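Some notes on the structure that comes next.
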Amino acid sequence: MKSIIICADGTWQSPESVQASHILRLARGIAPQTTEGHKQVVYYDWGIGADGDRLVGGITGKGLDKNILDCYRFLVHNYAVGDRVYLFGFSRGAYTVRSLAGLVRNCGILRREHAGKTAKAYALYRQRGKSSSPSNTRAVAFRKAYAVADISRIHFVGVLDTVGALGIPAPFLGTLGSTRYLFHDTAPGRCIRHARHAVSIDENRQDFEPALWQSVAGVDVQQVWFAGVHSDIGGAYEDRSLGDCAGLWLVNEAGRCGLQFESHFLQGLLPDHAGPQHNEYRGFYRAMRRRAVRQVEPVLHVSVRQRRDDPRLRYRSPALQAMLARLKGDWSGVRWVEG
113 MKSIIICADG TWQSPESVQA SHILRLARGI APQTTEGHKQ VVYYDWGIGA DGDRLVGGIT
173 GKGLDKNILD CYRFLVHNYA VGDRVYLFGF SRGAYTVRSL AGLVRNCGIL RREHAGKTAK
233 AYALYRQRGK SSSPSNTRAV AFRKAYAVAD ISRIHFVGVL DTVGALGIPA PFLGTLGSTR
293 YLFHDTAPGR CIRHARHAVS IDENRQDFEP ALWQSVAGVD VQQVWFAGVH SDIGGAYEDR
353 SLGDCAGLWL VNEAGRCGLQ FESHFLQGLL PDHAGPQHNE YRGFYRAMRR RAVRQVEPVL
413 HVSVRQRRDD PRLRYRSPAL QAMLARLKGD WSGVRWVEG
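Here the numbering used here is used: the first residue of the sequence shown is 113, the next is one more, and so on.
Below, the structure is given as structure tokens:
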């Protein structure tokens with residue numbers, strides 16, 4: 113048995129990015145084999161707009177299909193029955209791996225002799241309606257004919273602040289076809305064993321509404337809210353100490369689910385509840401779009417409480433205040449998450 117780890121990064125992130133995101137550092141920090149001698153094979157997928165067509169890719173998401181298919185092909189080329197699959201993503205990379213999980217649930221993981229059917233599998237997955245659901249006769253027949261099993265399990269999906277339909281500002285969605293790229297289901301598929309989502313409390317751009325998971329029976333889902341804006345949660349700034357609260361939580365959760373990391377990576381995660389929060393409401397967004405307040409669920413990381421109670425910071429998040437108002441001012445209605 114081995115582990116296959118697919119890491120899909122956010123917009124404009126690449127292996128040569130000056131500020132490596134949590135996803136890139138995670139990909140670099142996975143041990144090549146476990147202490148028991150099992151291999152851990154890593155694939156890193158560049159962010160949209162990182163390979164040349166920066167502006168068009170960043171604004172429109174051009175290349176999303178390619179990113180999803182590249183990840184799926186790597187899985188097909190390397191998977192053996194019994195392997196553990198881990199998927200990680202930030203922002204549009206989170207969209208990529210959540211879509212990849214949906215593709216696996218719908219069409220399975222192709223047997224290598226049928227790798228040429230990848231485009232056919234993707235076309236089936238992208239169709240809308242009950243005729244393309246995993247339980248539909250077409251999908252069942254496709255998996256029976258071409259996949260390694262009817263249900264291929266994904267051991268762990270860990271994502272950082274999945275936004276909107278796919279992290280693209282709403283005014284530009286028409287360039288893609290807004291329905292084609294919407295999530296088919298906001299609940300994690302039943303092929304997933306463990307699902308983790310770190311969500312930004314303080315992101316205030318109107319078009320960056322979080323794409324939250326719904327609970328589903330039989331899937332271990334944890335969706336936890338953290339202080340900081342979108343790219344704080346993704347670890348994409350030079351001072352990422354606040355974002356490391358989310359990064360370390362995700363790494364610890366993956367570790368509890370069997371993934372092993374190298375010590376240099378773990379030692380480099382230095383979370384600080386008092387770290388700087390950055391401002392992404394500027395430029396185009398400040399000029400053209402109104403400020404938004406996220407509707408925060410009362411499942412918060414303990415670092416949020418530490419930040420709130422630190423007298424040096426005066427952390428008074430509008431999103432937290434709105435959440436507290438819904439709880440009628442009662443903090444006992446909050447579930448605090450360690451780790």
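Just so you know, even glycine gets a beta-carbon here, dropped at the ideal spot from N, CA and C.
These figures come from a predicted structure and were not determined experimentally.
- Three or more beta-carbon pairs drawn from the segment 182–193 and the segment 216–224 are found closer than 8 Å, and the two stretches are therefore classed as touching.
- Residue environment for P246: buried (at least 16 other C-beta atoms within 10 angstroms of its C-beta).
- Check the Cα spacing between A307 and each of G355, E450, A366: the tightest is with A366.
- Here DSSP, grouped into helix, strand and coil, assigns R137 to helix.
- Annotation: L439 to E450 spans about 21 Å, alpha carbon to alpha carbon.
- Remark: C-beta atoms of A299 and D273 do not approach each other more closely than 8 Å.
- K151 carries a strand assignment under DSSP once its states are collapsed to helix, strand and coil.
- Around the beta-carbon of M113, fewer than 16 other beta-carbon atoms lie within 10 Å, marking it exposed.
- Collapsing the DSSP output to three states places H390 in coil.
- For H134, the number of other beta carbons within 10 angstroms of its own is at least 16, and it is reported as buried.
- The three-state secondary structure of Q418, taken from DSSP, is helix.
- Residue environment for N179: buried (at least 16 other C-beta atoms within 10 angstroms of its C-beta).
- In its chain, beyond the 5 residues on either side, V408, P410 have a beta carbon closer than 7 Å to the beta carbon of M435.
- P322 counts as buried, since no fewer than 16 other beta carbons sit within 10 angstroms of its beta carbon.
- Counted as a single uninterrupted DSSP element, the stretch harbouring W448 is not any alpha helix (DSSP H) but the beta strand (DSSP E) occupying residues 447–449.
- When secondary structure is reduced to three states using DSSP, R196 falls in the strand class.
- The C-alpha of A231 is placed about 32 Å away from the C-alpha of L362.
- Less than 8 Å separates the beta-carbon of G340 from that of Q389.
- Restricting attention to L138, R196, H413, A139, the CA atom closest to the CA of V446 is found in H413.
- Distances from the alpha-carbon of R317 to those of A431, D177, D182, F202 put A431 closest.
- Following the DSSP letters along the chain, one finds L412 inside the beta strand (DSSP E) bounded by residues 411–413.
- If you draw a 10 Å sphere on the C-beta of E350, you find fewer than 16 other C-beta atoms in it, and that means exposed.
- I345: member of the alpha helix (DSSP H) spanning 342–345, first to last residue.
- Ranking Q145, Q152, K151, L181 by CA distance to the CA of W158 puts L181 first.
- Beta-bridge annotation (DSSP): Y156 is paired with C119.
- The beta-bridge partner set that DSSP reports for I266 consists of I304.
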